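J.: In the working numbering, the protein residues as written are 1 to 334. Heads up, the beta-carbon is just placed ideally off N, CA and C, and yes, glycines get one too. Note that the coordinates shown come from a computational prediction; the quantities given were computed from them, not determined experimentally.
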């Protein structure tokens, strides 16, 4: 004897149990923010009691929305982007969206394939970390009727919307800070990525105004890891005149450089100062604590989701670039 076929609840059944219309249940899934809290609670209770699972594919075909948002980041290991990812994923899930997380890799090598994957899956939006420089990809995304948000940068000509801050301004501020503190021989340990190069260029531009010799610049591979600090310190140990301050592209690298310097018998910051970037938790926990640049990654994520919410209601967004700014935190290492 065959087992009895399970009765799969439908949208109408949920509506009847909750005492609302099917249209209200649909709104609960498609745009929960517009459903009254008490009504949403009744619908949620009916869904839990009946074990209802919506057919999102059918709903997507009917509404022309997939409720899929592609979030593309270089990496998530020791990453300054994690606060942004967490904030976006949390907020997007509240709106009933699914996040497709793609790792673009060093130098965004896998970015084109991941963009194609998002387009093939009819993603409602693509949120990118960084700025796309390839003209063909930019035009391809502009032609699509979808939201594209570039984060962690403020391009002059965004594809659609940009949420971030000026990396060149970061570099200029760090240079002004160090000059004001009396440092004269900076060494820049710069990652090979576009954002780090912008900070380097901003630093060099500002440093030229001080009248001091040009800083030493060494390239650090992407993705930057703790172990790269040994390479940086090896370079320092071979210099005839060592730097009085080392500007690192990340707090993780700065942490490693401090440890290498101390292992070599150097006092930080008395004999060599160190500056990081990102204000990760380790920056405040280290001894000496790390002077760094704080970026509100969570706010970047929230601002990006706010753009999607406004677009979902048909709101026209005149402000194409949302600059969240940054702040330099002076601690013990410089």
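Buried or exposed: where does residue 239 fall if 16 or more other Cβ atoms within 10 Å of its Cβ makes it buried?
T.: What you label residue 239 is simply residue 239 of the chain shown in a count that begins at 1. By the neighbour-count rule (16 or more Cβ atoms within 10 Å), residue 239 is not buried but exposed.
J.: Taking the C-alpha atoms as reference points, what is the distance between residue 321 and residue 155?
T.: Along the chain shown, one-based indexing puts residue 321 at 321. Along the chain shown, one-based indexing puts residue 155 at 155. Residue 321 and residue 155: Cα-Cα distance of roughly 8 Å.
J.: Leaving out five residues before and five after residue 102 in sequence, what residues of the same chain have Cβ atoms less than 8 Å from its Cβ?
T.: Sequence index remark: in the chain shown, residue 102 carries index 102 (1-based). So the qualifying residues of the chain are 70, 71, 72, 73, 110, 114, 117 and 118.
J.: Along the chain, which unbroken stretches of the alpha helix (DSSP H) at least 4 residues long are found entirely within the segment 201–283?
T.: Correct list: 228–237 and 251–263.
J.: Report the residue from 214, 209 and 221 whose alpha carbon sits nearest the alpha carbon of residue 196.
T.: The sequence position of residue 196 within the chain shown is 196, counting from 1. Among 214, 209 and 221, the Cα nearest to that of residue 196 is on 221.
J.: Am I right that residue 203 and residue 187 are in contact with their C-beta atoms under 8 Å? What's the rounded C-beta distance?
T.: Indexing the chain shown from 1 puts residue 203 at position 203. Indexing the chain shown from 1 puts residue 187 at position 187. Going by Cβ atoms, the distance from residue 203 to residue 187 rounds to 11 Å, so no, they are not a contact pair.
J.: Measuring CA to CA, which of 34, 30 and 41 is closest to residue 19?
T.: Against the chain shown, residue 19 aligns to sequence position 19. Looking at the Cα atoms, 41 is the closest of the given residues.
J.: Alpha helix (DSSP H) containing residue 88: first to last residue?
T.: Stepping through the chain shown from its first residue, residue 88 is reached at position 88. First-last of the alpha helix (DSSP H) with residue 88: 82–94.
J.: By the 10 Å Cβ neighbour count, where 16 or more other Cβ atoms means buried, how is residue 326 classified, buried or exposed?
T.: Residue mapping note: residue 326 aligns to position 326 of the chain shown, counting from 1. When all chains shown are included, residue 326 counts as buried.
J.: With the cut-off set at 7 Å, would you say residue 27 and residue 35 are in Cβ contact?
T.: What you label residue 27 is simply residue 27 of the chain shown in a count that begins at 1. What you label residue 35 is simply residue 35 of the chain shown in a count that begins at 1. Going by C-beta atoms, residue 27 is nearer than 7 Å to residue 35.
J.: Mapping DSSP to helix, strand and coil, what is residue 146?
T.: As a position in the chain shown, residue 146 is number 146, starting the count at 1. Here residue 146 sits in coil by DSSP.
J.: What's the gap between the Cα of residue 315 and the Cα of residue 135?
T.: For this step, residue 315 is matched to residue 315 along the chain shown. For this step, residue 135 is matched to residue 135 along the chain shown. Approximately 28 Å, taken between the alpha carbons.
J.: Going by DSSP in three states, residue 70 sits in which element: helix, strand or coil?
T.: As a working mapping, residue 70 is identified with position 70 in the chain shown. Strand at residue 70.
J.: How about residue 190 and residue 212: are their beta carbons less than 7 Å apart?
T.: The residue given as residue 190 occupies position 190 in the chain shown. The residue given as residue 212 occupies position 212 in the chain shown. In this structure, residue 212 does not lie closer than 7 Å to residue 190 by Cβ.
J.: Let me know the secondary structure DSSP gives residue 313 once reduced to three states.
T.: On the chain shown, residue 313 is found 313 positions in, with the first residue counted as 1. In this structure, residue 313 counts as coil in the three-state DSSP scheme.
J.: Considering just the uninterrupted stretch of the alpha helix (DSSP H) at residue 42, what are its terminal residues?
T.: Taking the first residue of the chain shown as position 1, residue 42 is located at position 42. Segment 37–50, the alpha helix (DSSP H) holding residue 42.
J.: Quick check: residue 293 and residue 253, are their CB atoms within less than 7 Å of each other?
T.: The residue given as residue 293 occupies position 293 in the chain shown. The residue given as residue 253 occupies position 253 in the chain shown. The answer is no: Cβ separation not under 7 Å.
J.: Which runs of the beta strand (DSSP E) at least 3 residues long sit entirely within the segment 149–185? Give them in chain order.
T.: Taking only runs of at least 3 residues, the beta strand (DSSP E) segments lying wholly in the segment 149–185 are 161–164.
J.: Am I right that residue 164 and residue 151 are in contact with their C-beta atoms under 8 Å? What's the rounded C-beta distance?
T.: Indexing the chain shown from 1 puts residue 164 at position 164. Indexing the chain shown from 1 puts residue 151 at position 151. Going by Cβ atoms, the distance from residue 164 to residue 151 rounds to 5 Å, so yes, they are a contact pair.
J.: Return the chain-ordered list of same chain residues with a C-beta closer than 6 Å to the C-beta of residue 166, the five sequence neighbours on each side being excluded.
T.: Position 166 of the chain shown holds residue 166. Answer for residue 166: 154, listed in chain order.
J.: Taking the alpha-carbon positions, what's the residue 46 to residue 25 distance?
T.: Counting from 1 along the chain shown, the entry for residue 46 is found at position 46. Counting from 1 along the chain shown, the entry for residue 25 is found at position 25. Looking at the two C-alpha atoms, the distance is approximately 10 Å.
J.: Residues bridged to residue 294 by DSSP?
T.: The sequence position of residue 294 within the chain shown is 294, counting from 1. 278 and 327.
J.: Have a look at residue 132 and residue 199 and give me their C-alpha separation to the nearest angstrom.
T.: Position 132 of the chain shown holds residue 132. Position 199 of the chain shown holds residue 199. Straight-line Cα distance between these residues: approximately 17 Å.
J.: Any idea if residue 251 is buried or exposed, counting beta-carbon neighbours within 10 angstroms, 16 or more meaning buried?
T.: To locate residue 251, count along the chain shown from 1; it is residue 251. Flag for residue 251 reads buried.
J.: Given a threshold of 16 other Cβ atoms within 10 Å of its Cβ, counted over all protein chains shown, does residue 38 qualify as buried or as exposed?
T.: Indexing the chain shown from 1 puts residue 38 at position 38. Answer is exposed; the Cβ neighbour count stays below 16.
J.: Thinking just about the alpha-carbon of each residue, which of 302, 307, 168 and 108 is nearest to the one in residue 86?
T.: Numbered from its first residue, the chain shown carries residue 86 at position 86. Among 302, 307, 168 and 108, the Cα nearest to that of residue 86 belongs to 302.
J.: Which value, in whole angstroms, describes the spacing of the CA atoms of residue 318 and residue 17?
T.: For the purposes of this step, residue 318 is identified with residue 318 of the chain shown, where counting begins at 1. For the purposes of this step, residue 17 is identified with residue 17 of the chain shown, where counting begins at 1. Roughly 43 Å between the two C-alpha positions.
J.: Within this structure, are the beta carbons of residue 138 and residue 161 separated by less than 7 Å?
T.: As a first step, residue 138 must be located in the chain shown, where it is residue number 138. As a first step, residue 161 must be located in the chain shown, where it is residue number 161. No, these two residues do not count as a Cβ contact at 7 Å.
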